[in-house]
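Have a look at the structure below, then the notes.
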Amino acid sequence: MNPRQFLLYVFPRPDGSYGVDLRQRINSAADPEERSLVRAWDAPFHASLPQVVEALRKSGYRPSDLNRGRREPFELREDQGVRVALTLLALKPLRKTSRMERIAEAIRSMPDEEAYYWFSKAVSMRSARRALRVLLGGE
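The sequence shown begins at 7 in the working numbering and counts up one residue at a time.
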């Protein structure tokens, strides 16, 4: 069984900033297909930036590689891709930065097994993402 492959694309925004698009490569290497999991920018992206930078480091990249002009996707290790996806999915609809930071920190400190569990639920069910936000956000 091949590990899941996660690709993190950087996309420029009209205002001069940038956001990220996290995709999962599915199927075999001979016939790959990419499925977009989540796109994030502005406050949700900034709140998840420590998790993104940590994932880049653990996947063999330098934090300075993450910039507006990046054209090639980052290939993230499976465990790091799961955490980044879970963080971005949980934070995307939120507006309060204090709540975003609490949730991002809670996801960062989760054991791998718990992160995989929530990822499997959050990818397919909106209600699971809401449950995760309520559980970790404390509101």
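Even for Gly, the Cβ is constructed at its ideal location relative to N, Cα and C. The structure displayed is predicted, hence computed values, not measured ones.
Contact set for alanine 121: own chain, Cβ-Cβ below 8 Å, skip 5 residues either direction = Asp85, Val88, Arg89, Leu92, Ile113
Entirely enclosed alpha helix (DSSP H) segments - the region 70–110, minimum 4 residues | 84–97
Count the C-beta pairs between the region 53–64 and the region 101–115 that are closer than 8 Å, then say yes if the count reaches three, no if not.
-> yes
Can you tell me the Cα-Cα spacing of glycine 22 and lysine 98, whole angstroms?
-> Cα to Cα, glycine 22 sits roughly 20 Å from lysine 98.
Please determine, among Leu43, Arg31, Gln11, Tyr15, the residue with the shortest C-alpha to C-alpha distance to lysine 127.
-> Leu43
Beta-carbon gap between proline 117 and leucine 14 smaller than 8 Å | Here proline 117 is not near leucine 14, since their CB atoms are 8 Å or more apart.
Just tell me which of Trp47, Phe17, Ala61, Lys102 has its CA closest to the CA of glycine 144.
-> Lys102
With distances taken between CB atoms, is the gap from arginine 76 to lysine 64 smaller than 8 Å?
-> no
Report the partner residues of tyrosine 15 according to the DSSP bridge assignment.
-> Asp27
Serine 54, enclosing alpha helix (DSSP H) - first and last residue = 48–64
For arginine 114, three-class secondary structure by DSSP | helix
Sequence-distant residues of its chain with Cβ nearer than 7 Å to arginine 41 (five each side left out) | Same-chain partners within the cutoff: Arg29, Gln30, Ile32.
Taking only beta-carbon positions, decide if arginine 114 is within less than 8 Å of chain D.
-> Chain labels in this structure do not include chain D; a single protein chain is all it has.
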